Amino acid sequence: MRVKTVKAVGISIVSGMIVFSLPIAASAVSSTASTTINATVGSVISISTGTTVAIALTPTAGGVVSSASDTVTVSTNNSTGYALTLANSDATRNLVSGGNTILPHAGTQASPTALAANTWGYRVVSVGGFGATAYSAESNNGSSSSTWAGVPATGSANTLKTTATTASGDTTTVWYGVKADSTKPGGTYSDTVTYTATTN
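The sequence shown maps to residues 376 to 575 in the working numbering.
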C-alpha cells in the first residue's frame with residue numbers, strides 16, 4: 376500500500392492521520408553571584424588657632440599679672456573622637472626678648488599655682504587642677520590669685536581634651552598669663568607653643 380505524505384506548516388498527514396509537530400521547549404538554566412561593595416572612608420582631622428596671643432603688661436615693683444586667650448578649633452569625622460595636646464616648641468620654654476627671658480612657671484597642669492614673678496604659664500578651665508570656675512582676662516592685676524601651669528617641653532605634651540565622637544568646629548579656650556615686675560627689661564618676649572590634635 377502506498378503511503379502518501381503531505382507536509383504543510385508543522386502538520387503531517389500520514390495514512391489519513393493528522394499529526395501535529397509541536398516545538399520542544401528548552402529548560403531555563405541560571406546561575407547567580409554576589410559582589411560586596413566596600414567604600415572605605417578615611418578619618419580626617421583639622422586644627423586651627425588664633426596664631427598670636429598678645430599680652431600687655433605695665434610692671435610694678437611687686438609684679439602684675441596680665442593674660443589673654445587662644446582658641447583652638449578642631450574638626451574630625453573620626454567616630455571615636457580626638458585628643459588635643461599642648462607642648463612647647465623647644466626645650467627651654469622661655470619667653471625671649473633679645474638676651475632677656477621670662478621663665479616658664481613651675482606649676483603643673485595637675486597642680487597649678489599662682490604665677491611667680493617674671494614667669495609665664497597657661498590654664499584651661501575644667502582641665503587638670505584648674506577647676507571649673509570661669510576665668511576672665513586679667514590686665515596688670517597686682518593681686519592676682521589665678522593659678523597656672525608651665526607649658527611642658529617638646530616630647531612631654533599635656534592632654535587638654537579627649538572626645539569620643541565626631542567633631543565640627545569644636546573649640547578649646549587656652550589662657551596664657553605672664554607676671555612681670557619692674558626688674559624685667561622692657562621688650563616683646565616671645566615663644567611658640569604647639570597644639571596637636573590626634574584621632575582616637
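Beta carbons: idealized from backbone N, C-alpha and C, even for Gly. Predicted, not measured: the structure shown is a model, and the values here were computed from it.
Comparing alpha-carbon positions, the option among Asn515, Thr541, Val500, Val428 lying closest to Trp523 turns out to be Val500. Sequence-distant Cβ neighbours of Thr540 in its own chain, meaning closer than 6 Å and more than five residues away, are Gly456.
Secondary structure of Lys554 (DSSP, three-state): strand. For Pro434, the closest alpha carbon among the candidates Ala509, Asn516, Ile412 is that of Asn516. The Cβ atoms of Ala528 and Arg468 lie closer than 8 Å to each other. If you ignore the 5 residues before and after Thr574, its C-beta comes within less than 7 Å of the C-beta of Ser418, Ile420, Thr451, Asn453, Tyr457, all in its own chain and listed in chain order.
For the pair Thr567 and Tyr551, the Cα-to-Cα distance works out to about 12 Å. Here Ala489 is actually not in contact with Ser514; their C-beta atoms are around 17 Å apart, not less than 8 Å. Rounded to the nearest angstrom, the gap between the Cα atoms of Val549 and Gly473 is 26 Å. Using a Cβ distance threshold of 8 Å, Ala555 and Val439 count as a contacting pair. In this model, Asp545 and Thr571 are separated by some 14 Å (Cα to Cα). Judged by DSSP secondary structure, Ile420 falls within the beta strand (DSSP E) whose first and last residues are 420 to 423.
In terms of Cα proximity to Ser565, the closest of Ala429, Asn533, Arg498 is Ala429.
Straight through space, the alpha carbons of Thr446 and Gly425 are spaced by roughly 6 Å. Relative to the Cα of Ser518, the nearest Cα in the group Ala491, Thr569, Thr427, Gly482 belongs to Ala491.
Scanning its chain for C-beta atoms nearer than 7 Å, with the 5 sequence neighbours on each side dropped, one finds around Gly562 the residues Ser472, Gly473, Asn475, in chain order.
Where Ser442 is concerned, the enclosing beta strand (DSSP E) starts and stops at 439 to 451. Sequence-distant partners of Lys559 (beyond 5 residues in either direction) whose C-beta falls short of 8 Å from its own C-beta, in its chain, are Pro434, Asn475, Ile477, Asn493.
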